[in-house]
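Let me begin by presenting the structure, written as structure tokens, before commenting on it.
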Amino acid sequence: MSLRLGAIADDYTGASDLANTLTRNGLRTVQTIGVPADDLVLPDVDAVVIALKSRSIPAAEAVEKSLAACRWLEARGAGHILFKVCSTFDSTDEGNIGPVTDALRQATGEVIVLVTPAFPETGRTLYQGNLFVAGVPLAESPMKDHPLNPMRDSDLRRVLARQSEKPVGLIPLATVAAGDGAVGQRLAALAGEGFGAAIADAVFDADLEILGRAALRQRLSVGASGLGLGLARALADGPPMSAAAPFEALGGPAACLAGSCSAATLRQITAAEATMPVLRLDAEALLAKGGAVEKAIAWASTRLADGPVLVASSASPDAVAALQARHGGAVVGTAIEAAFAEIAAGLVALGVRRLVVAGGETSGAVVDRLGLSAFALGPEIAPGVPVLRSLGGTDMRLALKSGNFGGPDFFRDALSMMP
Numbered sequence: 003m004s005l006r007l008g009a010i011a012d013d014y015t016g017a018s019d020l021a022n023t024l025t026r027n028g029l030r031t032v033q034t035i036g037v038p039a040d041d042l043v044l045p046d047v048d049a050v051v052i053a054l055k056s057r058s059i060p061a062a063e064a065v066e067k068s069l070a071a072c073r074w075l076e077a078r079g080a081g082h083i084l085f086k087v088c089s090t091f092d093s094t095d096e097g098n099i100g101p102v103t104d105a106l107r108q109a110t111g112e113v114i115v116l117v118t119p120a121f122p123e124t125g126r127t128l129y130q131g132n133l134f135v136a137g138v139p140l141a142e143s144p145m146k147d148h149p150l151n152p153m154r155d156s157d158l159r160r161v162l163a164r165q166s167e168k169p170v171g172l173i174p175l176a177t178v179a180a181g182d183g184a185v186g187q188r189l190a191a192l193a194g195e196g197f198g199a200a201i202a203d204a205v206f207d208a209d210l211e212i213l214g215r216a217a218l219r220q221r222l223s224v225g226a227s228g229l230g231l232g233l234a235r236a237l238a239d240g241p242p243m244s245a246a247a248p249f250e251a252l253g254g255p256a257a258c259l260a261g262s263c264s265a266a267t268l269r270q271i272t273a274a275e276a277t278m279p280v281l282r283l284d285a286e287a288l289l290a291k292g293g294a295v296e297k298a299i300a301w302a303s304t305r306l307a308d309g310p311v312l313v314a315s316s317a318s319p320d321a322v323a324a325l326q327a328r329h330g331g332a333v334v335g336t337a338i339e340a341a342f343a344e345i346a347a348g349l350v351a352l353g354v355r356r357l358v359v360a361g362g363e364t365s366g367a368v369v370d371r372l373g374l375s376a377f378a379l380g381p382e383i384a385p386g387v388p389v390l391r392s393l394g395g396t397d398m399r400l401a402l403k404s405g406n407f408g409g410p411d412f413f414r415d416a417l418s419m420m421p
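Quick note: to get this note's numbering, add 2 to the position in the sequence shown (first position is 1).
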């Protein structure tokens, strides 16, 4: 295997988002869960996306996992490494985007790294180094209340500089519009001034295509799936695909799990109540470990024969904040993830083979608990969310959704594309 592109994603839903983008833009792509074992047999592909659960773990651990992924990809001939981060740049002043970027920059021998989380298709744009979400500055968007990584600064130069070894510069939109040659010159100039990274503006797909061509002149870049679009279009032999081919129907019971408290997921849960039974879990009960998981599995067992079910622990930002104040953010997050992992295992034991999961951390916990190691990419359900088919072991269909992605009827739409 000699890869054109190797990607390291800091969470599982982001990995699916990127793999979907690469596939749609002409690269044969497989997503793996964690660094693959040496004996894992993968199909002949152009790109491998290694999904890590490294966004919110200690920085040193995130660096270790990311470097191991980089070594695996380089050993398979990856011509370029993309460190895939969230399009809302989810991180804190401790990391993990900065520490991982610094480590990968040193490992690949680069002096400076191009960085852009812009993805106009999903409403993420960058101008003068400031990130906008659907036209709203990041620090004024719902991301300001994220339970793990509250984003309270829209200027990504400052956000990244606070967690990086070197200063962070800017590639302004006018430079991007002048072409990939101008971008390369700007990177070289910034490197000469001692900068270790450069935030690149982008407001249209055409900007991402320019940045993709510029990034390929180096061994490493950092960005969201939008930069993946630019890289894929520069690397692919053929035109973008209109859609990936659907998988064969699997049938049997289906279920949805929602552990995200994003505004989008909360709306989707409410909409789902019109089409399927919904069980809303009490997070306090999950923390108490008083049988809430077993009760949820039992509740589902009596309803799966009649159609899909949804189990959710999502709560409003105020409710989540109050819970974290009482117990600590890490304790709450770990308890909810562990609960959903066990609920997922219980559902699979009941015969569920079609599973929709909302929330990046929840998705990671579920996939790890089920022991899934790699996925093939199917049709796109919503921007950034494909249907996945498990490779090896139990044949399953999954959709792993970042909390903010998808329209109001996402759960219904996802299940309709996973027959």
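No residue lacks a Cβ here, since even glycine has one placed at the ideal position from N, Cα and C.
Only a predicted model underlies this, so the values are computations on that prediction, with no experimental measurement involved.
Query raised in the report: Counting pairs of beta carbons, one from the stretch 196-215 and one from the stretch 232-242, are three or more of them closer than 8 Å?
Result: yes
Query raised in the report: Can you tell which of 179, 195, 150 has its C-alpha closest to the C-alpha of residue 171?
Result: Against the sequence shown, residue 171 aligns to sequence position 169. Considering only alpha carbons, the answer is 195.
Requested in this report: Starting from the C-beta of residue 285, find all residues in its chain whose C-beta is less than 6 Å away, skip the five residues before and the five after it, and write them out in chain order.
Outcome: By one-based count along the sequence shown, residue 285 stands at place 283. If we look at residue 285 and ignore the five residues flanking it on each side, its Cβ neighbours are 315, 325.
Query raised in the report: Alpha carbon to alpha carbon, what distance is there between residue 370 and residue 278?
Result: As a first step, residue 278 is located in the sequence shown; it is residue number 276 there, counting from the start. As a first step, residue 370 is located in the sequence shown; it is residue number 368 there, counting from the start. So the alpha carbons of these two residues sit roughly 26 Å apart.
Query raised in the report: Start and end of the alpha helix (DSSP H) containing residue 15?
Result: By one-based count along the sequence shown, residue 15 stands at place 13. Note, residue 15: alpha helix (DSSP H), 14-26.
Query raised in the report: What whole-angstrom Cβ distance do residue 35 and residue 374 have, given they're in contact under 8 Å?
Result: In the sequence shown, residue 35 corresponds to position 33, counting from 1. In the sequence shown, residue 374 corresponds to position 372, counting from 1. Correct: roughly 6 Å between the Cβ atoms.
Query - Check whether residue 75 and residue 12 have beta carbons under 7 Å apart - result: Against the sequence shown, residue 75 aligns to sequence position 73. Against the sequence shown, residue 12 aligns to sequence position 10. No, the Cβ-Cβ distance between residue 75 and residue 12 is not below 7 Å.
Query - Span of the alpha helix (DSSP H), counted from its first residue to its last, around residue 67 - result: As a first step, residue 67 is located in the sequence shown; it is residue number 65 there, counting from the start. From DSSP, the alpha helix (DSSP H) with residue 67 extends over 61-77.
Requested in this report: Answer yes or no: does any C-beta atom of chain D fall closer than 7 Å to that of residue 214?
Outcome: Reference to chain D is not applicable here, since this structure consists of a single protein chain.
Query raised in the report: Closest by CA to residue 2, which one among 142, 139, 201?
Result: No answer is possible for residue 2: the residues shown for the chain start at 3 and end at 421.
**Report entry** Helix, strand or coil at residue 356 according to DSSP, with G and I counted as helix
**Finding:** By 1-based counting over the sequence shown, the position of residue 356 is 354. Here residue 356 sits in strand by DSSP.
Query raised in the report: Thinking just about the alpha-carbon of each residue, which of 134, 248, 110, 87 is nearest to the one in residue 227?
Result: To locate residue 227, count along the sequence shown from 1; it is residue 225. When only C-alpha atoms are compared, the closest one is 87.
Query - Whole-angstrom distance between residue 307 and residue 450, CA atom to CA atom - result: Because residue 450 is not part of the residues shown, which for the chain are 3 to 421, the question remains open.
Query - Residue from 345, 403, 323 with nearest C-alpha to residue 266 - result: Within the sequence shown, the letter at position 264 stands for residue 266. Nearest C-alpha to residue 266: 403.
Requested in this report: Starting from the Cα of residue 136, find the closest Cα among 123, 147, 299 and give me that residue.
Outcome: Residue numbering aside, residue 136 sits at position 134 when the sequence shown is read from its first letter. Nearest of 123, 147, 299 to residue 136, Cα basis: 123.
Requested in this report: Give every residue of the same chain whose Cβ lies closer than 6 Å to the Cβ of residue 256, excluding the five residues on either side of it in the sequence, and list them in chain order.
Outcome: Working through the sequence shown from its first residue, we reach residue 256 at position 254. Cβ neighbours of residue 256 beyond the five flanking positions: 310, 356, 417.
Query raised in the report: Starting from residue 101 and walking both ways along the alpha helix (DSSP H), at which residues does that stretch end?
Result: Position 99 of the sequence shown, counted from the start, is the residue given in the question as residue 101. Per DSSP, residue 101 belongs to the alpha helix (DSSP H) from 99-110.
Report task. Sort 353, 387, 352 by Cα distance to residue 365 and report the nearest one. Result -> Looking up residue 365 in the sequence shown gives position 363. When each option's Cα is compared against that of residue 365, the closest is 387.
Query raised in the report: How would you label residue 4, buried or exposed, when you count the other beta carbons within 10 angstroms and need 16 or more for buried?
Result: The count along the sequence shown starts at 1 and reaches residue 4 at position 2. So residue 4 ends up on the exposed side.
Query raised in the report: residue 18: which of 389, 408, 397 sits nearest, CA to CA?
Result: For the purposes of this step, residue 18 is identified with residue 16 of the sequence shown, where counting begins at 1. With distances taken between Cα atoms, residue 18 lies closest to 389.
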